[in-house]
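Top to bottom, those sequences are chains A and B. Residue numbers for the first sequence follow my numbering, beginning at 1 and rising by one. Residue numbers for the second sequence follow my numbering, beginning at 1 and rising by one. For each residue, glycine too, the CB sits at the ideal point set by N, CA and C. Please read the structure below before turning to the comments.
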Amino acid sequence: SKPVTMNAFELISLSSGLNLSSLFET
Amino acid sequence: MGCFHSKKNKVPPGYEDPSILASETTFSVSEVEALYELFKKISSSVVNDGLIHKEEFQLALFKNRKRENLFADRVFDLFDLKQNGVIDFSEFVRSLSVFHPNAPLEDKIVFAFRLYDLRQTGYIEREEVKQMVVALLSESDMKLSDEVIESILDKTFVEADTKHDGRIDLDEWKSLVLRHPSLMKNMTLPYLKDITTTFPSFIFHSELDDGSA
């Protein structure tokens, strides 16, 4: 397996719950 | 039609004059009026009471009202400025203002810090970061062993926790973000720059009012 090079916050920022742009796709 | 008893505009709880909201946020009056179109859509999707309930927020975010998500919960709680379990229009506008491309970076950094400070202690603790990484992994296809997660946390804290007390304070967070600007990507919504073209119906109404059509 490949080593994970992201820091924890880079990983966290991938959450769909933090992607508020979907609020505008109503 | 709807729940209004007269033709007079009945404003929902938490509705504030667009000119006041515009003067206190990054938005123009037209943008606040356009945001009201979006707000009406979201706040009437489950219960038509002029307020955004958590279920409606989840529905707008995920197109699925039952989807539990730690981060969506945190965003909802931060938007709910009065902490009464719902988001009214003024809270919606004031909170989204932070996400405007022209909002000060400092405000975005502080908002993200509060978001990640799950227990609201004034620090982002290692345990909180682990909880968030685990939550992210559970919503994605990524699978990482506990050992790998711990090594990611080690690396993150070696870089971020410059005061070596096992937690990240606001100053440490600011320095980390300035070194990794991509961490602030979610904090800017380009949509907010052209909100008046995305939700233009108020312009149509304004034209009718002017009698210029």
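Checklist entry - In three-state terms, what does DSSP make of residue 167 of chain B? => result For the purposes of this step, residue 167 of chain B is identified with residue 167 of the second sequence, where counting begins at 1. If DSSP states are grouped into helix, strand and coil, residue 167 of chain B belongs with the strands.
Checklist entry - Excluding sequence positions up to five away, which residues of its chain have a Cβ less than 6 Å from the Cβ of residue 89 of chain B? => result Along the second sequence, one-based indexing puts residue 89 of chain B at 89. Result list for residue 89 of chain B: 14, 15, 39, in chain order.
Checklist entry - Among B:133, B:102, B:92, B:104, which has the Cα closest to the Cα of residue 116 of chain B? => result What you label residue 116 of chain B is simply residue 116 of the second sequence in a count that begins at 1. Of the listed residues, the one whose Cα sits closest to residue 116 of chain B is B:133.
Next on the checklist: What would DSSP say about residue 25 of chain A, mapped onto helix, strand or coil?
Outcome noted: Start at 1 with the first residue of the first sequence, and residue 25 of chain A comes out as number 25. Under the three-state reduction of DSSP, residue 25 of chain A is assigned to coil, being neither helix nor strand.
Item to check | Option nearest residue 13 of chain A by Cα separation, candidates B:187, B:101, B:24 | outcome: As a working note, residue 13 of chain A is residue 13 in the first sequence. The shortest CA-to-CA distance from residue 13 of chain A to any of B:187, B:101, B:24 is the one to B:187.
Next on the checklist: At the level of alpha carbons, what is the spacing between residue 166 of chain B and residue 145 of chain B?
Outcome noted: Here residue 166 of chain B refers to the residue found at position 166 when the second sequence is read from its first residue. Here residue 145 of chain B refers to the residue found at position 145 when the second sequence is read from its first residue. Cα to Cα, the separation comes out at about 22 Å.
Item to check | For residue 52 of chain B: DSSP bridge partner residues | outcome: Residue mapping note: residue 52 of chain B aligns to position 52 of the second sequence, counting from 1. Residue 52 of chain B is bridged to B:87.
Item to check | Uninterrupted alpha helix (DSSP H) stretches inside the segment 126-179 of chain B (no shorter than 4 residues) | outcome: Entirely contained in the segment 126-179 of chain B, the alpha helix (DSSP H) runs reaching 4 residues are, in chain order, 126-139, 146-160, 170-179.
Checklist entry - What residue does the alpha helix (DSSP H) around residue 98 of chain B start on, and which one ends it? => result By one-based count along the second sequence, residue 98 of chain B stands at place 98. Taken as a continuous stretch (DSSP letters only), residue 98 of chain B belongs to no alpha helix (DSSP H), as it is neither H nor E.
Checklist entry - Between the segment 161-180 of chain B and the segment 102-122 of chain B, do at least 3 Cβ pairs fall closer than 8 Å? => result Contact between the segment 161-180 of chain B and the segment 102-122 of chain B is present: three or more C-beta pairs spanning the two stretches fall below 8 Å.
Item to check | Close beta carbons around residue 97 of chain B, own chain, < 7 Å, minus the five adjacent residues each side | outcome: As a first step, residue 97 of chain B must be located in the second sequence, where it is residue number 97. Contacts found: 25, 26, 27, 103.
Item to check | N- and C-terminal bounds of the alpha helix (DSSP H) containing residue 10 of chain A | outcome: Indexing the first sequence from 1 puts residue 10 of chain A at position 10. In this chain, the alpha helix (DSSP H) harbouring residue 10 of chain A covers 8-12.
Checklist entry - How would you write the range of the alpha helix (DSSP H) that residue 41 of chain B sits in, first residue to last? => result The count along the second sequence starts at 1 and reaches residue 41 of chain B at position 41. It spans 29-43 - the alpha helix (DSSP H) in which residue 41 of chain B sits, taken as one unbroken run.
Item to check | Neighbouring residues, chain A, relative to residue 133 of chain B (Cβ below 7 Å) | outcome: On the second sequence, position 133 is the one that residue 133 of chain B refers to. Neighbours of residue 133 of chain B on chain A, chain order: 8, 11, 12.
Item to check | Residues sharing a beta bridge with residue 124 of chain B, DSSP | outcome: Counted from its first residue, the second sequence places residue 124 of chain B at position 124. Looking at the DSSP output, residue 124 of chain B bridges to B:168.
Checklist entry - Taking all protein chains shown into account, do 16 or more other C-beta atoms lie within 10 angstroms of the C-beta of residue 18 of chain B, making it buried, or fewer, making it exposed? => result For the purposes of this step, residue 18 of chain B is taken as residue 18 along the second sequence, with counting starting at 1. Note on residue 18 of chain B: 16 or more other CB atoms within 10 angstroms of its CB, so buried under the neighbour-count rule.
Checklist entry - Are the C-beta of residue 185 of chain B and some C-beta of chain A separated by less than 8 Å? => result Here residue 185 of chain B corresponds to residue number 185 of the second sequence, with the count starting at 1. With a threshold of 8 Å between beta carbons, residue 185 of chain B makes contact with chain A.
Item to check | Anticipated Cβ contact below 8 Å, residue 11 of chain A with residue 136 of chain B, distance rounded | outcome: By 1-based counting over the first sequence, the position of residue 11 of chain A is 11. By 1-based counting over the second sequence, the position of residue 136 of chain B is 136. That pair is a contact at about 6 Å.
Checklist entry - Under a CB-based cut-off of 8 Å, is residue 140 of chain B close to chain A? => result Taking the first residue of the second sequence as 1, we reach residue 140 of chain B at position 140. Yes, because at least one Cβ of chain A sits closer than 8 Å to the Cβ of residue 140 of chain B.
Item to check | Beta carbon of residue 161 of chain B nearer than 8 Å to that of residue 172 of chain B | outcome: For the purposes of this step, residue 161 of chain B is taken as the residue at position 161 of the second sequence. For the purposes of this step, residue 172 of chain B is taken as the residue at position 172 of the second sequence. Result yes, Cβ atoms of residue 161 of chain B and residue 172 of chain B sit closer than 8 Å.
Checklist entry - According to DSSP, is residue 15 of chain A helix, strand or coil? => result Residue numbering aside, residue 15 of chain A sits at position 15 when the first sequence is read from its first letter. It is coil, neither helix nor strand.
Checklist entry - Of all the CB atoms in chain A, is at least one closer than 8 Å to the CB of residue 17 of chain B? => result Taking the second sequence and counting its residues from 1, one reaches residue 17 of chain B at position 17. For residue 17 of chain B, the answer is no, since every Cβ of chain A falls outside 8 Å of its Cβ.
Checklist entry - Is it right to say residue 216 of chain B is buried, meaning 16 or more other beta carbons lie within 10 angstroms of its own, or is it exposed? => result Given that chain B is displayed from residue 1 to residue 213, the structure contains no residue 216 of chain B and the question cannot be resolved.
Checklist entry - Using DSSP with H/G/I as helix, E/B as strand and the rest coil, what is residue 200 of chain B? => result Position 200 of the second sequence, counted from the start, is the residue given in the question as residue 200 of chain B. Three-state result, residue 200 of chain B: coil.
Checklist entry - What's the C-alpha gap between residue 64 of chain B and residue 105 of chain B? => result To locate residue 64 of chain B, count along the second sequence from 1; it is residue 64. To locate residue 105 of chain B, count along the second sequence from 1; it is residue 105. Distance between the alpha carbons of residue 64 of chain B and residue 105 of chain B: 31 Å.
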